[in-house]
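Worksheet: one structure, shown below.
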Amino acid sequence: MRDVAIVAFGQSDHVRDSAETSEVEMLMPVLHDVLAQTGLAARDIDFTCSGSSDYLAGRAFSFTMALDGVGAWPPISESHVEMDGAWALYEAWVKLLTGEAETALVYAYGKSSPGEVRDVLTRQLDPYYLAPLWPDSVALAALQARALIDAGLTDERALAGIAARSRAAAASHPHAQLRGEVPAGELLVAPLRTGDCPPIGDGAAAVVLAAGDTARRLTGRPAWIRGLDHRIEAHSPGVRDLTDSPSTRLAAERAGAFTRPVDTAELHAPFTSQEVVLRRALRLDAPDSRVCVNPSGGALAANPVMAAGLIRLGEAAARIQRGASDRALAHATSGPCLQHNLVAVLEGE
Amino acid sequence: MSKEPVAVVGIGQTKHVAARRDVSIAGLVREAARCALDDAELTWADIDAVVIGKAPDFFEGVMMPELYLADALGAVGKPMLRVHTAGSVGGSTALVAANLVAARVHRTVLTLAFEKQSESNAMWGLSLPIPFQQPLLAGAGGFFAPHVRAYMRRTGAPDTVGSLVAYKDRRNALKNSYAHLHEHDLTLEKVQASPMLWDPIRYSETCPSSDGACAMILTDRTGAARSPHPAAWVHGGAMRSEPTLFAGKDFVSPQAGKDCAADVYRQAGITAPRRQIDAVEMYVPFSWYEPMWLENLGFAEEGEGWKLTESGVTELDGDLPVNPSGGVLSTNPIGASGMIRFAEAALQVRGQAGEHQVDGARRALGHAYGGGSQFFSMWLVGADAPAT
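If you read the sequences in order, they're chains A and B. Going by the UniProt record's numbering, the letters in the first sequence line up with residues 1 to 349, in that order. Going by the UniProt record's numbering, the letters in the second sequence line up with residues 1 to 388, in that order.
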């Protein structure tokens, strides 16, 4: 298989409300940042792929305006997934593997501020049976947390510990939205308190991929993608064991995550309870484990919907690029209660 | 480095109609997928990954419906990707699936595109008001009509050409049992007498709103060798995008369309498309786009596309049949329309297009476009495996 690496990563400052900037305005500095890191211009990029969702923007074809920001002239080879940008990265990685491209630009963005994101996300549920009940994302995560507590796999104190650790890790993160000492807060949907839940915010991220020697030319220490896989589960929470994530485990197996230990794991767990599920599926809780989990603060510090998964891949890659990690695992999720999961294994040379 | 050759070994479509009230969205997509599996004589267990596409989520009012459709498409435990590139999405989706095979990431992939437009109202789904942006003027026809006028003015095409295309495509659709519109009593005079909707586009020169889905099974060389029916081989595929609105844009013949076709022809070794390609399934939602795309795709010199149409070259029994299936003018489940073009091109080179089969078709082009003539995806399929 062809060697492909992440050679640049950039993200916006994640904020609660970006009413004063459009999606394109939010995205442009991030695109310029990653291109500047590699010295590439938009016209040098062989393939471009983005991830976003019309339902956040409240309009059809919302990605077309973002494309204008990329500067698609002369015409570019380009595609879009209506998913988190982590899956746009997956599509771009496949494109590079075919040999049809040497470089790829991947970006994602999401603004939750124009609407009520908890309500909006109910619209991604089964439209005939589930969505009419309007179960929101926090309520569904709370069901999962309750199942974990009932199974004796965690408790409210342990969940609060995950929140505190994540936000402490984000204290020095220049882009994080929620950092430092954050109170556990009141119960939002029992057993989840506000502190167990991600901040609602707007943000964007971008990554540049390159193959083989091109990657070596563009950066001193590429973050090589050694494995990348994603798997989906049944949709209805009622037919799944919410305390487990078989799709994450399978994706990790396929990505080669279990062949050698990783030193870093960037997990896309918007809720503290979901980190418990992911740690178990990814075997990160071994007694002798020295894995640094979510050194960026994870999605509990900033969770721009549709970009937060791509950010996990970018954060893991950036850590490799600056020599803080040699082998990292990155994870992205989509859908209710961790329905769809992607795992990447990244390595420095 | 070498790519794995990609073969189409299964094709399935639903019967396209204005409203499939007998099935849910899940039932609709499963019907097409089931047909494609039957055609390939494969089971759900043979599928390694699912790539699904559709146009905006607002058309059905379901955000990221692939999450809910995972069960219906046998995707549980498998990778599932959701592509969305506006009207070109059906084509783009097939190309993303083809790349999975070409890159040797997966061996056999189910790709599917759908639209169940009867669940809501597509025109208003496209017309949500956005501050500081030009609205689509109540549907796509309002956006495209001025560009048709520009084409007529630029080329001097007589105003009868559009009705010839519509009359041809609707007659071709009578030979395609899956097509939505079956207008047995249509005449050229009736097309020309139909109400003017967006001058110069008449009612009978526009696409319908359809419910429908299209699916294909793509596989590698080994999979193709096991296929019970002839495979269609992918000889070239490409996507191109350009901005919607900018001063330098040529709406009559967008550069992205020309570049996309040129890339596909280069991959497939096509140097004289008019002579080397036997059938074209072209994305023609408004009749005048046939002559326009004939030029954009290199089948005619600039300004000459309408002459091919007028002289009957693009008729089913002509020298270069365009839309033997009846095309988008007869069937338009938007998100699936591009994939239907790709699938119909594959049916032609497999010799399995039934009553609308083009005799001896060996190479066929599938074409899709979307947005404000902004996104393009195309593939060229052949009856023979590509030379390696």
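Cβ coordinates follow ideal geometry from the N, Cα and C atoms, glycine included.
If only complete runs of 3 or more residues are kept, the region 298–348 of chain A shows the beta strand (DSSP E) at 327–334 and 340–347, in order along the chain.
Below the 7 Å Cβ cutoff, chain B contributes Asn99, Leu100, Ala103 and Val105 as neighbours of Val94/A, in chain order. Nearest CB-CB separation between Ala70/B and chain A: below the 8 Å threshold. With a contact defined as Cβ atoms closer than 8 Å, Ala224/B and Val9/B qualify at about 6 Å.
Counting only unbroken stretches of 4 or more residues, the alpha helix (DSSP H) elements lying wholly within the region 109–171 of chain A are 117–122, 137–150 and 156–169, in sequence order. Distance between Gly77/B and Ser247/A, taken at the CA atoms: about 6 Å.
For Leu308/B, the uninterrupted alpha helix (DSSP H) run begins and ends at Gly305 to Glu310, by DSSP. Within the region 272–293 of chain B, not one residue has a Cβ closer than 9 Å to any Cβ of chain A.
Contact of Ala387/B with chain A is not assigned, every C-beta pair being separated by 8 Å or more. Between Ala238/B and Cys207/B, the gap from beta carbon to beta carbon reaches 8 Å or more. Using a CB distance cut-off of 8 Å, Leu197/B does not count as an interface residue toward chain A. Here the alpha carbons of Ala36/A and Val70/A stand approximately 14 Å from one another.
In this structure, the beta-carbon distance from Ala301/A to His173/A falls below 8 Å.
Taken through DSSP and simplified to helix, strand or coil, Thr222/B comes out as helix. Sequence-distant Cβ neighbours of Ala383/B in its own chain, meaning closer than 8 Å and more than five residues away, are Pro230, Ala232, Trp233, Val349, Arg350, Gly351, Ala361, Arg362 and Arg363. Assignment of Asp199/B by DSSP, reduced to helix, strand and coil, places it in the coil class. For Met64/B, no beta strand (DSSP E) segment is defined, and its DSSP state is neither H nor E.
Taking a 10 Å sphere around the C-beta of Arg157/A, we find fewer than 16 other C-beta atoms and assign the residue as exposed. The distance from the Cβ of Ala171/A to that of Arg179/A is about 5 Å, consistent with a contact at the 8 Å cut-off. Of all residues in the region 70–88 of chain B, only Ala70, Asp71, Ala75, Val76, Gly77, Lys78, Pro79, Met80, Leu81, Arg82, Val83, His84, Thr85 and Ala86 come within less than 8 Å of chain A when Cβ atoms are compared, listed by chain position. Three or more beta-carbon pairs separated by less than 8 Å link the region 79–87 of chain A to the region 323–339 of chain A, which places the two stretches in contact. From the beta-carbon of Gln339/A, the residues of chain B found nearer than 7 Å are Leu67. Residue-level contact by beta carbon fails for Glu295/B and chain A, as no gap is shorter than 8 Å. Contact check for Asp202/A and Gly309/A: beta-carbon distance about 16 Å, past the 8 Å limit, so the pair fails to qualify. In the three-state reduction of the DSSP assignment, Gly142/B falls in the helix class, which pools H, G and I.
For the pair of segments examined, the region 149–159 of chain B was found to touch the region 297–311 of chain B: the number of CB pairs separated by less than 8 Å reaches three. About 6 Å separates the beta carbons of Leu67/B and Gln124/A, which is inside the 8 Å limit, making them a contact pair. Thr243/A and Val291/A do not touch by the CB rule: their CB atoms are close to 21 Å apart, not below 8 Å. Between the beta-carbon of Ala113/B and that of Gly335/B there is about 5 Å, and that keeps the pair under the 8 Å contact cut. Around the beta carbon of Leu187/A, a 10 Å sphere encloses fewer than 16 other beta carbons of the protein chains shown; the residue is thus reported as exposed. For the beta strand (DSSP E) assignment, the uninterrupted runs of no fewer than 3 residues enclosed by the region 9–54 of chain B are, from N- to C-terminal side, 49–53. Beta-bridge analysis with DSSP links His175/A to no other residue. Residue-level contact by beta carbon fails for Leu310/A and chain B, as no gap is shorter than 8 Å. Per DSSP, reduced to three states, the secondary structure at Ala256/B is helical.
Between Phe271/A and chain B, the shortest Cβ-Cβ separation is not below 8 Å. Shown in chain order are the members of the region 240–266 of chain B whose Cβ falls below 9 Å from a Cβ of chain A: Arg240, Ser241, Glu242, Pro243, Thr244, Leu245, Phe246, Gly248, Lys249, Pro254, Gln255, Ala256, Gly257, Lys258, Asp259, Cys260 and Asp263.
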